[in-house]
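K.L.:
If you want the numbering used here, it's the position in the sequence shown, counting the first as 1, plus 10. No residue lacks a Cβ here, since even glycine has one placed at the ideal position from N, Cα and C. Because the structure is a prediction, the values reported are computed rather than measured. Okay, handing you the structure first.
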Amino acid sequence: MKIVFGLHLDGENSWKKQNAFDSLVLGPSGLLSQLELYLGLSRSRTDKLSRITRYLAFLKEYDDGNRFYSRSLAVDETGVAGYLLQLRDELYICGWNGSFSKKAPSERLAGLEGVERLLGGSGFPPGNGERLRSVYLALQHMKTPISDLCLLDSLDRHPLRWQQVIQCLPFRYEDPVRQVHARQGTALHYLQARLSGLYGDQVSPPSAPDDTVRFVSSDTSLTSAYYTADSLHRDPEGTLLLYGGLKGLLD
């Protein structure tokens, strides 16, 4: 199994889907779910709102009126619970295990640690950081069918839990901007060279305008969509579309 893995490849992206056997293009959510499937760790997922609601109950239980979040919780309890749950999940994915060996370095972290003590043994649905830790532990004595994990982001750009998991797999890093692919002398070549920084200021702009880079604007989004659809039909393989509006219009 060959997998191309990028930190921003979950959801909509510019990759053209191809018919391929034994090959996947995945983002963090996709790869985590795939690894859990290989390792027998798959489970029914709890939706985000349910996790927020359950976390809110623990925040209220820990709240004595003097916690760092007490005043905000009284104003917008759902918003505060969602934000603190997101912060908790980010801490876990960066290597936190729910407690500190010594005194917590700040009042907020001490508060999160206190809430975490209440969560212990409650069956609270795990976040991605906890799921990654389970995957990492399973990889210590189990194998997956992954033969090639191609990273589009260098290893040091990944959070700690991801680094631990990736290092258990046959991975390699492929810099997507290691070379300029467009034909020399074109506007696209100049744009790629300047964005990549491979040639510094040594590359010169094209002597005359060309259609390798086009900016499309019209009175209505629908008109632009029709023009774009026609352009993609004429050259589906060699066109990259960057769109800043409602992406559903292009379906």
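Could you tell me whether the Cβ of Q202 comes closer than 7 Å to any Cβ of chain D?
P.N.:
Among the protein chains of the structure shown there is no chain D, as only one such chain exists.
K.L.:
Residues in its own chain within less than 7 Å of S33 by CB, not counting five upstream and five downstream?
P.N.:
Closer than 7 Å at the Cβ level, and outside the excluded window around S33, lie K12.
K.L.:
Which word fits E184, buried or exposed, when buried means at least 16 other C-beta atoms lie within 10 angstroms of its C-beta?
P.N.:
exposed
K.L.:
Just the C-alpha distance for Y93 and Y48, rounded to the nearest angstrom, thanks.
P.N.:
Distance from the CA of Y93 to the CA of Y48, rounded to the nearest whole angstrom, comes to 32 Å.
K.L.:
Could you give the first and the last residue of the continuous alpha helix (DSSP H) run that contains S206?
P.N.:
Note, S206: alpha helix (DSSP H), A197 to S206.
K.L.:
Going along the chain, which residues of its own chain have a beta-carbon closer than 6 Å to the beta-carbon of G108, five neighbours each way excluded?
P.N.:
E126
K.L.:
What does the alpha-carbon distance come out to for the pair T230 and D240?
P.N.:
16 Å
K.L.:
For the beta strand (DSSP E) containing I13, list its first residue and its last residue.
P.N.:
I13 -> beta strand (DSSP E) spans K12 to F15.
K.L.:
Does the Cβ-Cβ distance between T196 and D166 come in under 7 Å?
P.N.:
Cβ atoms of T196 and D166: not closer than 7 Å.
K.L.:
Can you tell me where the beta strand (DSSP E) with S33 in it begins and where it stops?
P.N.:
Annotation: the continuous beta strand (DSSP E) that includes S33 extends over S33 to L36.
K.L.:
Quick one: what does DSSP say L19 is sitting in, helix, strand or coil?
P.N.:
coil
K.L.:
Which residue wins for smallest C-alpha separation from C104, given the options S217, R143 and A235?
P.N.:
R143
K.L.:
Compare the C-alpha of L66 against each of S52, D86, S54 and N76 and name the closest.
P.N.:
Among S52, D86, S54 and N76, the Cα nearest to that of L66 belongs to D86.
K.L.:
Is it a yes or a no for the segment 143-157 touching the segment 113-130, going by three-plus beta-carbon pairs under 8 Å?
P.N.:
no
K.L.:
Let me know if Q202 comes out buried or exposed under the rule of 16 or more other beta-carbons within 10 Å of its beta-carbon.
P.N.:
A residue is called buried when at least 16 other Cβ atoms come within 10 angstroms of its Cβ; Q202 meets this threshold and is buried.
K.L.:
Tell me the start and end of each unbroken alpha helix (DSSP H) in the segment 131-202 that is at least 4 residues and wholly inside, in chain order.
P.N.:
You should have 138-149 and 170-176.
K.L.:
Taking just the CA atoms, how far does P215 sit from G137?
P.N.:
48 Å
K.L.:
Give every residue of the same chain whose Cβ lies closer than 8 Å to the Cβ of T249, excluding the five residues on either side of it in the sequence, and list them in chain order.
P.N.:
S241 and L242
K.L.:
What are the boundary residues of the alpha helix (DSSP H) that F68 is part of?
P.N.:
K58 to Y72
K.L.:
Give me the Cα-Cα distance between A218 and V190, rounded to the nearest whole angstrom.
P.N.:
20 Å
K.L.:
Grouping DSSP H, G and I as helix and E and B as strand, with all else coil, what is A235?
P.N.:
A235 falls in the helix class under three-state DSSP.
K.L.:
Is the CB-CB distance between V226 and Y236 below 7 Å?
P.N.:
no
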